[in-house]
Structures are given as structure tokens and as C-alpha cells.
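Asks:
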Amino acid sequence: MSGADQPRRSTGSKIIRFAIVGLANTAIDLAGFFLLLKLHVPPLPANVISWSIAVIFSFVANGFWSFERNQAIRLHDAFLRFVSLGALISLGVSSLSIALFAGIAGVWPAKIGGVIVAAVLNFLAARWSIEGRLLK
1 MSGADQPRRS TGSKIIRFAI VGLANTAIDL AGFFLLLKLH VPPLPANVIS
51 WSIAVIFSFV ANGFWSFERN QAIRLHDAFL RFVSLGALIS LGVSSLSIAL
101 FAGIAGVWPA KIGGVIVAAV LNFLAARWSI EGRLLK
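Per the UniProt record's numbering, residue 1 is the first one in the sequence shown, and the count goes up by one each step.
(1) Taking a contact to mean a Cβ-Cβ separation below 8 angstroms, would you say Pro43 touches Ile98 in this structure?
(2) Are the CB atoms of Gly22 and Ile53 nearer to each other than 8 angstroms?
(3) So, do the stretch 54-74 and the stretch 103-110 have three or more beta carbon pairs nearer to each other than 8 angstroms?
(4) Give the C-beta separation of Glu68 and Arg133 to the nearest angstrom, bearing in mind that I take them to be a contact with Cβ-Cβ under 8 angstroms.
(5) Does DSSP put Arg74 in a helix, in a strand, or in coil?
(6) Nearest to Phe82 by alpha carbon, out of Ile104, Val55, Ala19, Ala46?
(7) Go to Pro43, then tell me how far its alpha helix (DSSP H) extends in each direction, as first and last residue.
(8) Provide the residue span of the alpha helix (DSSP H) that contains Glu131, from first to last.
(9) Less than 8 angstroms between the beta carbons of Ile130 and Ala87, yes or no?
(10) Please go through the same chain and pick out, in chain order, the residues whose beta-carbon is closer than 6 angstroms to the beta-carbon of Leu91, but skip the five residues on each side of it.
(11) Enumerate in chain order the residues of its own chain whose CB-to-CB distance from Gly114 is below 6 angstroms, with the five nearest sequence positions on each side excluded.
(12) I'd like the list of long-range same chain contacts for Ile28, defined as Cβ closer than 8 angstroms, with 5 residues on each side in sequence excluded.
(13) Have a look at His40 and Ala46 and give me their C-alpha separation to the nearest angstrom.
(14) Candidates Val117, Ala72, Ile116, Phe101: which alpha carbon is nearest Trp128's?
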């Protein structure tokens, strides 16, 4: 294997970097969600809009800082993978959580619960999207 094929960062380093980006991403998502709710946007559309803004930040930060992008995967394709999996995992879990639990627990606990549940799955999805590998 050439040096380009070898990961430069350990998995532990990637997890730490991913967590830092995730905290910033979550802050962007929650701030956008809060602002949109204050502007009287209904919770589910507010969730989609705030997530969309946060996912763009997350792709850029993870793609250029957390992971080593596989150059064999075109940037466009990596972005589509990242957004598709993010939509399935993050947006799907948080929207489902809001739809199922907002009436019971409130909008904020439902939103935060969805964010927490999706965090671990997102690491694997991001790694596959950007590096083209899942576990090794």
C-alpha cells in the first residue's frame, strides 16, 4: 500500500474529531431549529431546514478535518452519500422522534432525544461516505 492508502489518523483521533464536529453541528442544528420555531415555522419543517444547514457544515468539516477523503470517490458522490445517509439516520431519527414524542414529552426533549440516538450511527455513515470504508 502506498502512503495515500494508509490512514494518517487513528480511529480514536477520528472519533474525537467527529465528536467535536458533531457538537458544533448539533449547536447549528439546535440554534436553527430554535430560530425557526421563534419565527413560527412548524416543528417538522423547522427540523428539516435546520438539519439541512447543519449537514452542509458537517460534510465540509468532517470531509476536510475528521476523515481522510478517499480521492477515488468524487466529491459530489461523497456529498450525496453523506447527505443521503444523514437524511436516513439524523433527519429520519430526529423527525420520527419529534412526530412520536413531541406530544408526550415536548418538542425539545423529542428533538434532543433524536439527536442523541443518531450520533453513533452517523460516525459509521460519515466514515463510509468520506473514506469509502466502514470498520477497518
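Just so it is clear, CB atoms sit at the ideal spot from N, CA and C, and this is done for glycine as well. Because the structure is a prediction, the values reported are computed rather than measured.
Replies: So, from the data block:
(1) In terms of Cβ geometry, Pro43 and Ile98 form a close pair [threshold 8 angstroms].
(2) Cβ atoms of Gly22 and Ile53: not closer than 8 angstroms.
(3) Counting Cβ pairs under 8 angstroms, fewer than three are found: no touch.
(4) Between Arg133 and Glu68 the Cβ distance is about 10 angstroms, and since that is not below 8 angstroms, they are no contact.
(5) Taken through DSSP and simplified to helix, strand or coil, Arg74 comes out as coil.
(6) Among Ile104, Val55, Ala19, Ala46, the Cα nearest to that of Phe82 is on Val55.
(7) Element bounds for Pro43: 43-61.
(8) Going by DSSP, Glu131 is part of the alpha helix (DSSP H) stretching over 107-131.
(9) Going by C-beta atoms, Ile130 is not nearer than 8 angstroms to Ala87.
(10) Correct list, in chain order: Trp51.
(11) Only Val93, Ser94, Ser97 meet the Cβ criterion.
(12) Take Ile28, set aside five residues on each side of it, and the residues of its chain with a beta-carbon closer than 8 angstroms to its own are Ser50, Ile53, Ala54, Phe57, in chain order.
(13) If you draw a straight line from the Cα of His40 to the Cα of Ala46, it comes to about 9 angstroms.
(14) Among Val117, Ala72, Ile116, Phe101, the Cα nearest to that of Trp128 belongs to Ala72.
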